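**Q** Sharing a structure below in structure tokens format, with a few things to ask.
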Amino acid sequence: MALYNLGQCYRLGIGVEKDEFVAFEYYEKPAKEEHLDAQLQLGYCYFNGIGTEVNKLKAFELYKKVAEKGHSIAQNILGILYEYGDGTEINLEKAIYWYRLAAEKGDKGAQYNLGKCYELGKGVEKDEVNAFEYYENSAEKGDSNAQNSLGYLYYCGQGVKKDRKKAIYWYQKAEQGGNVEAQKRLASLYEKGRVYKKIIHGAIYWYKKVIKNAHPEVKENLDNL
Numbered sequence: 770m771a772l773y774n775l776g777q778c779y780r781l782g783i784g785v786e787k788d789e790f791v792a793f794e795y796y797e798k799p800a801k802e803e804h805l806d807a808q809l810q811l812g813y814c815y816f817n818g819i820g821t822e823v824n825k826l827k828a829f830e831l832y833k834k835v836a837e838k839g840h841s842i843a844q845n846i847l848g849i850l851y852e853y854g855d856g857t858e859i860n861l862e863k864a865i866y867w868y869r870l871a872a873e874k875g876d877k878g879a880q881y882n883l884g885k886c887y888e889l890g891k892g893v894e895k896d897e898v899n900a901f902e903y904y905e906n907s908a909e910k911g912d913s914n915a916q917n918s919l920g921y922l923y924y925c926g927q928g929v930k931k932d933r934k935k936a937i938y939w940y941q942k943a944e945q946g947g948n949v950e951a952q953k954r955l956a957s958l959y960e961k962g963r964v965y966k967k968i969i970h971g972a973i974y975w976y977k978k979v980i981k982n983a984h985p986e987v988k989e990n991l992d993n994l
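Quick note on numbering: the numbering used here labels position 210 of the sequence shown as 979, and the sequence is numbered without any gaps.
Below, the structure written as structure tokens:
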């Protein structure tokens, strides 16, 4: 545990100068001794090239090992790797399997990912009611992607009765978490007056926030106000 904690300190620069190579070394020993969080972080390092060369196959193997021992974060990550074929071949059936295991443990990321699959009919039969339920569970735990998606379902009336006040509520919650898509949707709602009477200064505020978050493609909308 001490070596793992030291690895965290060096990776994040907590109390010491940040050094990803040292962090990687500190993760290695406890990982070999079956420390699950160390194995998870080592997988993260291999996947992103932190303190070592990128090796997505090794990352996948580590995530799978940790996931099989019941670690919900690893299960969700493994689902993502199977969904997009990163470090392994695309396998939607396995992606859904791992998302579901993690979601049942209350993992908000997995609940969002499973909701997305149900909304799109990806790997499962399309079911907007199920999508809504998974998004809602994740959103209430603070996942900004789920909050944004939940707002969209409320706005469109997909899987739930249309409720634009609740749509705005969840878009705002997502925006508070830094979700750029929610910022864009709020800006569009203000600009086009879909919820409130058209309020130009509100639209300008949200578009400026989106541009600040590196989305210059909305500048044209701002120029037209």
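Heads up, the beta-carbon is just placed ideally off N, CA and C, and yes, glycines get one too. Predicted model, so just to flag it, every value in this text is computed and none were measured.
Is the separation between the beta-carbon of D876 and that of N845 shorter than 8 Å?
**A** As a working note, residue 876 is residue 107 in the sequence shown. As a working note, residue 845 is residue 76 in the sequence shown. Yes, the Cβ-Cβ distance between D876 and N845 is below 8 Å.
**Q** What separation, rounded to the nearest whole angstrom, lies between the Cα atoms of W939 and G920?
**A** As a working note, residue 939 is residue 170 in the sequence shown. As a working note, residue 920 is residue 151 in the sequence shown. Rounded to whole angstroms, W939 to G920 spans 5 Å at the Cα level.
**Q** Answer yes or no: the CB of L955 versus the heavy atoms of the ligand COA, is any distance below 7 Å?
**A** Among the ligands in the structure shown, none appear at all, so the ligand COA cannot be discussed.
**Q** Can you tell me the Cα-Cα spacing of A943 and S913, whole angstroms?
**A** Your numbering for residue 943 matches position 174 in the sequence shown. Your numbering for residue 913 matches position 144 in the sequence shown. So the alpha carbons of these two residues sit roughly 4 Å apart.
**Q** Counting only runs of 4+ residues fully inside the region 835–904, write out the alpha helix (DSSP H) ranges in chain order.
**A** Complete alpha helix (DSSP H) runs here, min 4: 841–853, 861–873, 877–889.
**Q** Do you know offhand how far Y959's Cα is from K935's?
**A** Mapped onto the sequence shown, residue 959 falls at position 190. Mapped onto the sequence shown, residue 935 falls at position 166. Their Cα atoms are separated by approximately 15 Å.
**Q** If I follow the unbroken alpha helix (DSSP H) through E944, where does it start and stop?
**A** Within the sequence shown, numbered from 1, the residue matching residue 944 stands at position 175. Run containing E944: 933–945, per the alpha helix (DSSP H) assignment.
**Q** Helix, strand or coil: how does DSSP classify V949 here?
**A** Along the sequence shown, read from residue 1 onward, the residue named residue 949 stands at position 180. DSSP places V949 in helix when its eight states are reduced to three.
**Q** To which residues of the same chain is S1003 closer than 6 Å at the C-beta, ignoring the five residues directly before and after it?
**A** Past the boundaries of the shown model lies residue 1003; the chain is included only from 770 to 994, so the question cannot be answered.
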